[in-house]
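What follows is a single structure, written as structure tokens, with notes after it.
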Amino acid sequence: MIPELSVVVPVFNEARGLPDMIRELTQIAKGLAVSFEIVLVDDGSRDETWQVIQFLSSSYPELMPVRLIRNFGKEAALTAGLKASRGKAVVVMDADLQHPPSLIPEMYRLWKTGVAQVVNGVKARRQEEGKIHRAAAAGFYLMMNLMSGVDLKNHTDFKLMDRQVVDAYLAIPENRRFFRGLIPWLGFLSRDLHFVPNNRETGTSRWSVPGLARMGIMAICSFSSLPLQAVTLLGIFFLLASLVMGIHTLVLKFTGQAVEGFATVILLLLFMGSVLMFSLGIIGQYIAMIYHEVKRRPMYLVSSRDDKSPTPTGAKNHSIR
Ligand code: UDP
Ligand code: MG
Numbered sequence: 001m002i003p004e005l006s007v008v009v010p011v012f013n014e015a016r017g018l019p020d021m022i023r024e025l026t027q028i029a030k031g032l033a034v035s036f037e038i039v040l041v042d043d044g045s046r047d048e049t050w051q052v053i054q055f056l057s058s059s060y061p062e063l064m065p066v067r068l069i070r071n072f073g074k075e076a077a078l079t080a081g082l083k084a085s086r087g088k089a090v091v092v093m094d095a096d097l098q099h100p101p102s103l104i105p106e107m108y109r110l111w112k113t114g115v116a117q118v119v120n121g122v123k124a125r126r127q128e129e130g131k132i133h134r135a136a137a138a139g140f141y142l143m144m145n146l147m148s149g150v151d152l153k154n155h156t157d158f159k160l161m162d163r164q165v166v167d168a169y170l171a172i173p174e175n176r177r178f179f180r181g182l183i184p185w186l187g188f189l190s191r192d193l194h195f196v197p198n199n200r201e202t203g204t205s206r207w208s209v210p211g212l213a214r215m216g217i218m219a220i221c222s223f224s225s226l227p228l229q230a231v232t233l234l235g236i237f238f239l240l241a242s243l244v245m246g247i248h249t250l251v252l253k254f255t256g257q258a259v260e261g262f263a264t265v266i267l268l269l270l271f272m273g274s275v276l277m278f279s280l281g282i283i284g285q286y287i288a289m290i291y292h293e294v295k296r297r298p299m300y301l302v303s304s305r306d307d308k309s310p311t312p313t314g315a316k317n318h319s320i321r
């Protein structure tokens, strides 16, 4: 039977907080009085998460555990969960209770009444976090908005989606995805719902600053080719500047005034060298993305669907993308 609602939760090293989360989530889902399932994707956790999931699924029949062979990252875990989900509407949320399950009934109502096919959980304010983290996030959203025109400020991965949206998302062939940006890009009828995120109850954020920076660069490059065009613009600017300076230098030479200017030459060399390398870096970033996409490696590998029927290595549901 197709459940009315699926809740997909990517989980990585959340053994401590998971029982509370599942208790709160099922309580709220039961309040809706519709059939539901909770797809828990263990993204290769190194703590007791998988044992906790197995234990929980004996008391919560709504749980559908999916285990990835190793840690593939949140985006991959999320895709694996969406692929396993069957609901007519699908909610995606974090396992750390930063996304309050109490928002789900309102999300569901907006979808059920046909107001929206996508309901975005948007932060009314940001949770407590370090200054660097906050500044990096602000910089990222600004760049993303300038380059791709998608305003993602305070958007989160807490969303409800119609089955049609989930299918459209899963049909995207890209390997390296940015869920938060791709869903608005699909363009389905959407509504924002504001919520105040809780601070993490247990553990710490899995994101390091370099990790966030990598993700940010990937997201920007996958939504816009403006950085590449900026390289061309830079080239045109330097061509014009070199014409002016070339003429100036020739005039000085023929009027016999070309004497000093050694410092200028050094500074110009250093500056040009840096600009060239920076431009090469931008081009390299896009080539790296092409490289990762053309390999067509699977986004993740599923280890077993649940504890009762472990999938042997090489079995057919192994390389689901
Ligand atoms: N997560 C995951 N795989 C990872 C890292 C995180 O599935 O490699 C899950 C994590 O368990 C949580 C969600 O993704 O449910 C968000 O992670 P986190 O709270 O660390 O991120 P933040 O809230 O700081 O953005
Ligand atoms: Mg979190």
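Here the sequence shown is numbered in my numbering, starting from 1 and rising by one per residue.
For glycine and all other residues, C-beta sits at the position ideal for the given N, C-alpha and C.
In this text, all values refer to a predicted model and were calculated from it rather than measured experimentally.
Member of the options whose CA lies at the smallest distance from the CA of residue i
i    : options                   : result
H155 : D94, R109, G181 and L25   : G181
A77  : D192, S225 and F178       : F178
R297 : P173, Q229 and R109       : P173
V8   : L63, I2 and R46           : L63
D151 : V122, K88 and N13         : V122
I282 : C221, E260, E293 and A263 : C221
I28  : L252, M107 and F12        : M107
R134 : L146, V66, L212 and S85   : L212
L234 : E293, L280, S57 and T264  : L280
M161 : T49, R191 and A263        : R191
L228 : N198, N120 and F278       : F278
D96  : M147, P197 and S57        : P197
S35  : R200, A80 and S85         : S85
L186 : V294, E128, V165 and S58  : V165
L32  : I2, R214, P65 and K112    : K112
T79  : V52, V11 and I53          : V11
G114 : G273, D43, V52 and F188   : F188
Minimum Cβ-Cβ distance from residue i to chain E less than 8 Å
i   : result
S85 : The structure shown contains no chain E; it holds only a single protein chain.
beta-carbon residue i near the ligand UDP non-hydrogen atom, thresh 7 Å
i    : result
W207 : yes
F12  : yes
K74  : yes
Q98  : yes
N71  : yes
V251 : no
D20  : no
D151 : no
V302 : no
A213 : no
A138 : no
D94  : yes
D167 : no
D43  : yes
V9   : yes
A77  : yes
Any non-hydrogen atom of the ligand MG closer than 7 Å to residue i Cβ
i    : result
R180 : no
R16  : no
R297 : no
R125 : no
R46  : no
D157 : no
R200 : yes
Exposure of residue i, with buried meaning 16 or more beta-carbon neighbours within 10 Å
i    : result
F254 : exposed
F72  : buried
K74  : buried
V6   : Residue identity check: residue 6 is Ser in the sequence provided, not Val. It counts as buried.
K83  : buried
P310 : Annotation note: pLDDT 40 at P310 (below 50); position unreliable, no value reported.
H194 : exposed
D395 : Outside the modelled stretch of the chain, which goes from 1 to 321, sits residue 395, for which no answer is possible.
L240 : exposed
Q117 : buried
D167 : exposed
S225 : exposed
V119 : buried
R67  : buried
S208 : exposed
M245 : exposed
L169 : The sequence given here places Tyr at residue 169; Leu does not occur at that position. Label assigned to Y169: buried.
A37  : The identity of residue 37 in the sequence shown is Glu, whereas the question assumes Ala. The residue is buried, with at least 16 neighbouring Cβ atoms inside 10 Å.
A230 : exposed
V329 : The structure shown does not extend to residue 329, since the chain is modelled only from 1 through 321, so no value can be given for it.
Unbroken beta strand (DSSP E) run spanning residue i, endpoints
i    : result
S274 : From DSSP, S274 is part of no beta strand (DSSP E) but of the alpha helix (DSSP H) over F262 to V294.
I28  : Note, I28: premise wrong, no beta strand (DSSP E); alpha helix (DSSP H) at L18 to G31.
S6   : L5 to V11
G121 : V118 to K123
Range of the contiguous alpha helix (DSSP H) that encloses residue i
i    : result
F36  : From DSSP, F36 is part of no alpha helix (DSSP H) but of the beta strand (DSSP E) over F36 to D42.
P210 : V209 to F223
M1   : Neither: M1 is in no alpha helix (DSSP H) and is coded neither H nor E.
Q257 : Note, Q257: premise wrong, no alpha helix (DSSP H); not H, not E.
Near the ligand PLP: residue i beta-carbon under 7 Å from a heavy atom
i    : result
V122 : Looking at this structure, you won't find the ligand PLP anywhere; what it does contain is the ligand UDP and the ligand MG.
Mind pulling the beta strand (DSSP E) runs of 3 or more residues that sit fully within the segment 126-206? Counting only runs that start and end inside the segment 126-206, the beta strand (DSSP E) elements of at least 3 residues fall at 155-162 and 190-195.
Jot down the residue ranges of each uninterrupted alpha helix (DSSP H) in the segment 46-113, minimum 4 residues, whole runs only, in chain order. 49-59, 74-84 and 104-112, all fully within the segment 46-113.
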